[in-house]
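In full-length UniProt numbering, the protein residues as written are 1 to 100.
For every residue, glycine included, the Cβ atom is placed at its ideal position computed from N, Cα and C.
What follows is a single structure, written as structure tokens, with notes after it.
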């Protein structure tokens, strides 16, 4: 998302870097709010914990894209895609053993 006064990224790589920076910031804030609950669930339940969360986000994305359900919580397609990417990134991080 480009904020007022910022120039929009031009290249494919710049666009991905901007989205990645936004995602890293979002994940850091959520991790502080939730107290690393993702790592705890992965430790306790393994990969299915992540798959369930990602499946929930895919279901949400399908509902938003087909307007099956009214959005009552203010979650946009953009928000849902960031969350889905975040779960994939956190899962990869966890599986690689970077749990600090």
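- For residue 49, the uninterrupted alpha helix (DSSP H) segment begins and ends at 47-66.
- In this structure, the alpha-carbon of residue 11 lies about 39 Å from that of residue 43.
- Per DSSP, residue 72 lies in no alpha helix (DSSP H) and is assigned neither H nor E.
- In this structure, the beta-carbon distance from residue 62 to residue 84 does not fall below 7 Å.
- Linking residue 67 to residue 76 through their CA atoms gives a straight-line distance of about 11 Å.
- DSSP places residue 21 inside the alpha helix (DSSP H), whose first and last residues are 12-34.
- Secondary structure note for residue 86: its alpha helix (DSSP H) is the uninterrupted segment 77-95.
- Taking residue 54 as reference, the option from 33, 97, 36 and 86 with the minimal CA-CA separation is 86.
- Spatial neighbours of residue 23 in its own chain (CB-CB distance under 8 Å, excluding positions within 5 residues in sequence) are listed in chain order as 82, 85, 86 and 89.
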